[in-house]
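Numbering-wise, my numbering puts 93 at position 107 of the sequence shown, and it's gapless, one number per residue. A virtual CB, placed ideally from N, CA and C, is assigned to each residue, including glycine. Treat the numbers as computed from the prediction; the structure is a model and nothing was measured. Remarks on the structure that follows.
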Amino acid sequence: MNASIEIPKDSKVYLNKPYVQVFWSPINKILTSRWTGFCTYDEIKAVAQRIIDAVTFEGARKVLYDAREIEVLDENSQKYIAGDFTKEMIKVGIEYSATVSPLDVFAKFSVDDIQNTIKIPEASHNKFFQSVDEAFDWLKSK
């Protein structure tokens, strides 16, 4: 776990918990969620609602999911993210999302399962990356 990661100074912070940071970059117009460690289903749902609120408030079209340090997600969390959460994100205006793959192999399986379960055509504008810089640059180009 890396709880010492700093949120960029120009960002608007929506959530700063030990397991997730959610912040908006007004310059690049990208909402970032940076995940660390294990989260329960209830925590995932609460953070998801905060992300949806931030997207709505900021009029965000692009989101970056930094999942490098996340741990395995339970089956209910995976289903929620692949289903209701993804549908709601598209509904509130997200057009592009970039996911930085987890370093942990088992967490990567969880994220891969989510991606393989999503059956929403609009979700095809999600790309996976190995680094935050690549993901951020791709989103900036959109």
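What three-state label does DSSP hand residue 31 in the structure shown?
helix
Contact set for residue -10: own chain, Cβ-Cβ below 8 Å, skip 5 residues either direction
The predicted position of residue -10 is uncertain, since its pLDDT is 41 and thus under 50; a value taken from the coordinates is nonetheless stated next. The answer is none, since no qualifying residue turns up.
Unbroken beta strand (DSSP E) run spanning residue 76, endpoints
That residue, residue 76, is in no beta strand (DSSP E); its alpha helix (DSSP H) goes 72 to 77.
For residue 33, is the classification buried or exposed, using 16 other Cβ atoms within 10 angstroms of its Cβ as the cut-off for buried?
buried
Which residue wins for smallest C-alpha separation from residue 2, given the options 14, 13 and 29?
29
Would residue 38 and residue 74 be called neighbours here (beta carbons separated by less than 7 Å)?
yes
At which residues does the beta strand (DSSP E) containing residue 7 begin and terminate?
6 to 11
Just the C-alpha distance for residue 115 and residue 18, rounded to the nearest angstrom, thanks.
14 Å
Using DSSP with H/G/I as helix, E/B as strand and the rest coil, what is residue 171?
Summary: the structure shown does not reach residue 171, with the chain confined to residues -13 through 128, and so no result is reported for it.
With which residues is residue 144 paired in a DSSP beta bridge?
Given a span of -13 to 128 for the chain in the structure shown, any question on residue 144 remains unanswerable.
Compute the distance between the beta-carbons of residue 36 and residue 8, then report whether it is under 7 Å.
yes
Beta-carbon proximity of residue 25 to residue 0, cut-off 7 Å
no
7 Å CB neighbourhood of residue 71 in its chain, flanking five on each side removed:
34
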